[in-house]
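To convert, note that position 391 of the sequence shown is 391 in UniProt numbering; the numbers rise steadily by one, no gaps.
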Amino acid sequence: MRDVRMRGFRKRASVEEAVATLASRTGELEAERVRVTEAAGRVLAEDVAAAASVPHFRRAAMDGWAVVGESTFGASTYAPVSLVLIGEARPGRPFAGVLRRGEAVRITTGAPVPEGADAVLMAERAEEVTRGGQTIVSVAEPVSPGKHVGGIGEDVPAGTIVARRGRKLRPQDVGLLASVGAGLVPVVRRPRVRVVITGDELLAPGSMPEGSCIVDSNSVVLAALVARDGGALSPTVRAVDRYELVRDAIAGGDEDVVLVSGGSSVGPEDHAPLALAEIGEVTVHGVAMRPSSPAGFGFVPGRDRPRPVFLLPGNPVSCLCAYEFFAGPTIRAFGGLPRAWPHARGKGRLVAKIVSELGRVDYVRVQYDGALVTPIMTSGASILSSTTRADGVVLVPAGSEGHGEGEEVEVFLYD
């Protein structure tokens, strides 16, 4: 590859070309099985069928008494029907006998309905009284057979497909999987990601800025983005601006994805592209976008497949932008998630124009109140606070010279 240090880029790839190249060379990882208690947020690798019905026994849908419905016919407030109480059923503690006409079993919601019973009489429709040493259920209103009884498989019949391949499992999904007897769940393996931070001037997060040194913020941002996109983050690797150390930091480990922050531009100590070229290939270096034009990516050999390495500029907003366009979609695809940006979207009208250049994609930070879109004037690639003041971004495509005041635009929302 051409060494761009102190020379500049002769040519930049289009965002469209770069994205298409990544899509053609990266895809879903293999499946693994995890405990159902750990499956929330993961993507199913196979359809899952119910191994058991839910419920797998007849259960009460109300508190009251289990009865033979026919034995309550004719009951009224003025002429109550009397049933003999013979026992009780609670969840996990069923009544062991067989119920017959003229008898009742006290029952609570979720308890197994006794053999012989075909209805549950609601607690509000009767009362218990004592007569001659017996407890009698005095029924003031009849109940029809089948009333307030949940049948076997009423919720889920055994053998039913309860979750399809490709579904990102929500809390209620894993609850249903647990209820049908799933112990281990087949999911797409979560991609392992290593972040490499380069730069002599950087202090670890949590440090106080001092002298000519600044605190590394990119590793904190990238860690949160990787977690958002379903990746499993390895410990951050830090490398000062020496070629051999940067090369070894990129080559080390066996993670599925490597994110290199810094060292990708045209300065004399921007070693990452040449180091990547030595140990693998640089597929794209330099992209027609603002910010983040020095971004790029390539691949290094892996055990099962080539592993993508993303060259993310050191300026914080450029780093964020390059991640969103290239690294984020790849990490999501590895884990079985859609490549599309995961942001909510809104539409509004610009209160000021946005100017761009043909052939370049612009990532424009904006404020948004649900109706009006205001571009943030401070837009330098090193001004991270501009992203905290922003509610989201407007993407200006390469075929546009911008948007005029009053024009409706789409906003990708940070929240």
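Every residue gets a Cβ at the ideal spot worked out from N, C-alpha and C, and that includes glycine. In this text the structure is predicted, and so the values were computed from the model without any measurement.
Contact set for Glu405: own chain, Cβ-Cβ below 8 angstroms, skip 5 residues either direction: Leu350, Val351, Ala352, Lys353
Can you tell me which of the three DSSP states Leu233 falls into? strand
Would you call the stretch 173-193 and the stretch 320-340 in contact, with 3 or more CB pairs under 8 angstroms? yes
8 angstroms Cβ shell around Leu358 - same chain, five flanking residues per side excluded: Ala398, Gly399, Ser400, Glu401
Need the endpoints of the beta strand (DSSP E) that Val188 sits in, please. 184-188
Closest by C-alpha distance to Arg389, when choosing among Val364, Thr26, Val220: Val364
List in chain order: all unbroken beta strand (DSSP E) runs of 3+ residues lying wholly within the stretch 38-123. 64-67, 81-89, 103-107, 119-122
For Ala239 versus Val36, is the C-beta spacing smaller than 8 angstroms? no
Please classify Ser264: does DSSP put it in a helix, a strand, or coil? coil
Roughly how many angstroms lie between the CA atoms of Arg106 and Asp63, to the nearest whole one? 8 angstroms
Do Ala232 and Arg192 have their C-beta atoms within less than 8 angstroms of each other? yes
Mind checking Ile197: buried by the 16 CB within 10 Å criterion, or exposed? buried
What does Ser14 pair with, by DSSP beta-bridge criteria? None, per the DSSP bridge assignment.
Mind checking Thr26: buried by the 16 CB within 10 Å criterion, or exposed? buried
Per DSSP, which residues does Ile161 bridge with? Please list them. Ala49
Roughly how far, in whole angstroms, is the beta-carbon of Val113 from the beta-carbon of Val120, given that I think they are within contact range, below 8 angstroms? 7 angstroms
On a Cα-Cα basis, can you pick out the residue from Gly166, Ile383, Pro80, Phe310 that is closest to Ile136? Pro80
Compute the beta-carbon to beta-carbon distance between Asp173 and Arg165, rounded to the nearest angstrom, for a pair I have assumed lies under 8 angstroms. The pair is not a contact, with the Cβ atoms about 13 angstroms apart (cut-off 8 angstroms).
Just to confirm, are Glu154 and Ser138 a CB contact at a threshold of 8 angstroms? no
In angstroms with no decimal places, state the Cα-to-Cα distance between Arg307 and Leu29. 12 angstroms
Where does Pro301 land, buried or exposed, given buried means 16+ other C-beta within 10 angstroms? exposed
Does DSSP put Ala223 in a helix, a strand or coil? helix
So, with DSSP's three-state summary, where would you put Glu281? strand
For a quick check, are the C-beta atoms of Val99 and Glu88 less than 8 angstroms apart? A small fix is needed here, since residue 99 is Leu in this sequence, not Val. For Leu99 and Glu88, no; Cβs fall outside 8 angstroms.
With Phe334 as the anchor, note down where its alpha helix (DSSP H) starts and where it stops. 328-334
Just how far apart, CA to CA, sit Ala45 and Ala31? 6 angstroms
What does the Cβ neighbour count give for Pro209, buried or exposed, with the cut at 16 atoms within 10 Å? exposed
Using a 10 Å radius around the Cβ and a threshold of 16 neighbouring Cβ atoms, would you call Val84 buried or exposed? exposed
Where Asp362 falls: helix, strand or coil (DSSP): strand
Own chain, CB closer than 8 angstroms to Val34, minus 5 neighbours either side, in chain order: Arg42, Leu184, Val185, Val187
Backbone CA spacing between Tyr78 and Glu141 [nearest angstrom]: 10 angstroms
Just to confirm the assignment, what range does the alpha helix (DSSP H) spanning Pro246 have? Here the sequence assigns Val to residue 246, which means Pro is not the residue at that position. Here the alpha helix (DSSP H) through Val246 covers 243-251.
Limits of the beta strand (DSSP E) - the one that Arg345 falls within: 345-350
Burial state of Gly199, where buried means 16 or more other Cβ atoms lie within 10 Å: buried
For Leu311, report the span of its beta strand (DSSP E) as first-last. 307-312
Glu324 in three-state terms, based on DSSP: helix
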